[in-house]
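Undergrad:
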Amino acid sequence: KIVHFIIYLLLALMMYYGWKKQITFPSLYRHTLLKILVITFAYGFLVEILQEKLTADRHFDLMDALANSSGAVAGSWISPYFLRKIRRAETEKN
Numbered sequence: 468k469i470v471h472f473i474i475y476l477l478l479a480l481m482m483y484y485g486w487k488k489q490i491t492f493p494s495l496y497r498h499t500l501l502k503i504l505v506i507t508f509a510y511g512f513l514v515e516i517l518q519e520k521l522t523a524d525r526h527f528d529l530m531d532a533l534a535n536s537s538g539a540v541a542g543s544w545i546s547p548y549f550l551r552k553i554r555r556a557e558t559e560k561n
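Take any residue in the sequence shown, count from 1 to its spot, add 467: that is its number in the numbering used here.
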């Protein structure tokens, strides 16, 4: 379950960083954390459901889904902090 948590934490961090770094679609900046939470929650539950429906040896596991969701929440929560640290490091480098 820890691996699920870490993977979804990293997914949320990378999504936040990519979302804030891109300049093509400025409308994506609004409600970034909420969008990332919705996408990562949906993705995590979809993967668990598809495991149940499409494989013979894998099953839906609510604890995996909760670990996925917890990782997504944690990643979304700390993402702004990490982005500030990255930007600060980039400006200090220049």
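Don't be surprised by glycine CBs; every beta carbon is placed ideally from N, CA and C.
These numbers come from a predicted model, not from an experiment.
1. Output the distance between the C-alpha atoms of LEU517 and GLU559, rounded to the nearest integer angstrom.
2. Taking the alpha-carbon positions, what's the ALA494 to ILE503 distance?
3. Compute the beta-carbon to beta-carbon distance between LYS487 and LEU529, rounded to the nearest angstrom, for a pair I have assumed lies under 8 Å.
4. Looking at C-alpha atoms only, which residue of TRP544, LEU521, ARG497 is the closest neighbour of ALA477?
5. Spatial neighbours of PHE527 within its chain, please: C-beta separation below 8 Å, excluding the five flanking residues on both sides.
6. Considering only C-alpha positions, which residue in the set ILE490, ILE473, LEU500 is nearest to TYR483?
7. PHE512: which of TYR496, ALA534, THR491 sits nearest, CA to CA?
8. State buried or exposed for LEU521, treating a residue as buried only when at least 16 other CB atoms are found within 10 Å of its CB.
TA: Inspection of the coordinates gives the following:
1. 46 Å
2. As written in the sequence, residue 494 is Ser, which differs from the Ala given in the question. So the two alpha carbons sit approximately 14 Å from each other.
3. Not a contact, Cβ separation roughly 32 Å.
4. Here residue 477 is Leu; the residue named in the question, Ala, does not match the sequence. Nearest option by C-alpha distance: TRP544.
5. GLU515, ILE516, GLN518, GLU519
6. LEU500
7. ALA534
8. exposed
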